[in-house]
Amino acid sequence: MKETKKKNKALPLLPLRGVLVFPYMVIHLDVGREKSISALEDAMLHDREIFLATQKDSQLDDPEIEDIYEIGTVVEIKQLLKLPGGTLRVLVEGLHRGKVIKYLESEAFYKIEIEEYIEETEKTPEISAFVRNLIYHFEQYVKLSKKVAPETVVSIVTIEEPYRLTDLIAAHLNLKIPEKQMLLEAVDIKIRLEKLISIIAGEIEILEIEKKINMRVRKQMEKTQKEYYLREQMKAIQKELGDRDEKGAEAEEYRQKIKDSNLPEEVEEKAIKEVERLEKMPPMVAESAVIRNYLDWLLAMPWNKQTEDKIDIKKAQITLNEDHYGLRKAKERIL
Numbered sequence: 006m007k008e009t010k011k012k013n014k015a016l017p018l019l020p021l022r023g024v025l026v027f028p029y030m031v032i033h034l035d036v037g038r039e040k041s042i043s044a045l046e047d048a049m050l051h052d053r054e055i056f057l058a059t060q061k062d063s064q065l066d067d068p069e070i071e072d073i074y075e076i077g078t079v080v081e082i083k084q085l086l087k088l089p090g091g092t093l094r095v096l097v098e099g100l101h102r103g104k105v106i107k108y109l110e111s112e113a114f115y116k117i118e119i120e121e122y123i124e125e126t127e128k129t130p131e132i133s134a135f136v137r138n139l140i141y142h143f144e145q146y147v148k149l150s151k152k153v154a155p156e157t158v159v160s161i162v163t164i165e166e167p168y169r170l171t172d173l174i175a176a177h178l179n180l181k182i183p184e185k186q187m188l189l190e191a192v193d194i195k196i197r198l199e200k201l202i203s204i205i206a207g208e209i210e211i212l213e214i215e216k217k218i219n220m221r222v223r224k225q226m227e228k229t230q231k232e233y234y235l236r237e238q239m240k241a242i243q244k245e246l247g248d249r250d251e252k253g254a255e256a257e258e259y260r261q262k263i264k265d266s267n268l269p270e271e272v273e274e275k276a277i278k279e280v281e282r283l284e285k286m287p288p289m290v291a292e293s294a295v296i297r298n299y300l301d302w303l304l305a306m307p308w309n310k311q312t313e314d315k316i317d318i319k320k321a322q323i324t325l326n327e328d329h330y331g332l333r334k335a336k337e338r339i340l
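Counted from 1, the sequence shown has number 27 at position 22 by our numbering; the numbering is strictly sequential.
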């Protein structure tokens, strides 16, 4: 395994907030701080190279030297666009790791001297074993997370250079900044491979637990929904059966009353038809109330009942005179 070459160079520094760029990454960045814009403008005037280092605290708007990680990435500016409001959108590609050696005199932006690490790795059997292990874990991670496109996975796992493979895999992991920074600071490829495999294995374990939890939650939700559906069905069936039982009992009661009332034949036939209509009719239909009223009125009539006539003109005259004053002609017509 060849050693990593080191060389010093002076570059403008662009501090990043909440973002870390690995070598070989291609990424868009929106830049709005005055110092950062000045650093980009200076880089465009020279070799289009700039040093990106992440802030330890992303909330700081004007970080001091001690607020920025020492190890970062040398990148090449591929494209620079001016956006409304003075913001710049820059497309960069990561080249190599680098470490800040010292800060140089500059008022408009941070100018630094860095030690650049240029990696040249030969594949030993040990490194090959690590790479194979890494690819296996990465593929397992992708299957569980489903956050990396299949074509991206294919393009990554076919990379032959271990240093490039590790950085591109690290760039596609959903890690916090301190974890990413730890991988960026792992200059030795063997150490980097070990750390990366360990991190991915931990992520796989978490994802498997999440998967089990999600499956349990989904099964519980499906069970709850099924139980709710069955309960609602049962309620509907019970209500339907209850309604039918109530209507059946009501119809039977009317039939018994009709039988007991000794109605004329044609009246009885009509009453029975109305009971049958009522029995078939849904309970909330307004017409059912009309049929009930009709049947109640029909059964209340004094069918086949007679009273003895009492004809007493004198008594009737006395009653009329006591209950009604005047109306002589009307009373005479009645009598």
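A virtual CB, placed ideally from N, CA and C, is assigned to each residue, including glycine.
Paired residues, beta bridge with residue i - DSSP
i           : result
residue 290 : DSSP, once it has assigned bridges, lists no residue as partnering residue 290.
residue 155 : Looking at the DSSP assignment, residue 155 forms no beta bridge with any residue, so it has no partner.
residue 96  : 33, 84
residue 70  : Residue 70 is not bridged to any residue.
residue 78  : 57, 102
residue 17  : 116
For residue i, the three-state DSSP class (helix, strand or coil)
i           : result
residue 163 : coil
residue 103 : strand
residue 112 : coil
residue 210 : helix
residue 118 : strand
residue 306 : coil
residue 142 : helix
residue 253 : helix
residue 266 : coil
residue 320 : helix
residue 178 : coil
residue 89  : coil
residue 326 : helix
residue 136 : helix
residue 228 : helix
residue 241 : helix
residue 276 : helix
residue 295 : helix
residue 200 : helix
residue 222 : helix
Pair within 8 Å by beta-carbon distance, residue i and residue j
i           : j           : result
residue 174 : residue 201 : yes
residue 161 : residue 149 : no
residue 45  : residue 85  : yes
residue 206 : residue 101 : no
residue 321 : residue 300 : no
residue 99  : residue 20  : no
residue 74  : residue 103 : no
residue 189 : residue 25  : yes
residue 146 : residue 209 : yes
residue 38  : residue 82  : no
residue 115 : residue 18  : yes
residue 283 : residue 263 : no
residue 23  : residue 214 : no
residue 50  : residue 135 : no
residue 177 : residue 159 : no
residue 302 : residue 272 : no
residue 108 : residue 76  : no
residue 185 : residue 113 : no
Spatial distance of residue i from residue j (CA atoms)
i           : j           : result
residue 260 : residue 280 : 7 Å
residue 105 : residue 66  : 21 Å
residue 268 : residue 256 : 17 Å
residue 319 : residue 258 : 47 Å
residue 88  : residue 14  : 31 Å
residue 57  : residue 179 : 20 Å
residue 64  : residue 229 : 44 Å
residue 36  : residue 16  : 17 Å
residue 191 : residue 93  : 31 Å
residue 125 : residue 43  : 33 Å
residue 266 : residue 292 : 24 Å
residue 187 : residue 31  : 20 Å
residue 48  : residue 119 : 15 Å
residue 111 : residue 78  : 20 Å
residue 195 : residue 204 : 14 Å
residue 128 : residue 193 : 13 Å
residue 62  : residue 72  : 7 Å
residue 234 : residue 226 : 12 Å
residue 151 : residue 216 : 12 Å
residue 167 : residue 130 : 12 Å
residue 232 : residue 223 : 14 Å
residue 133 : residue 164 : 12 Å
residue 12  : residue 117 : 14 Å
residue 254 : residue 306 : 23 Å
Cutoff 8 Å: residue i Cβ touching any chain B Cβ
i          : result
residue 79 : Absent from the structure: chain B. Only one protein chain is present.
Open item on the list: Which complete alpha helix (DSSP H) runs does the region 19 to 65 hold, if anything under 4 residues is left out?
Closed with: 39 to 50
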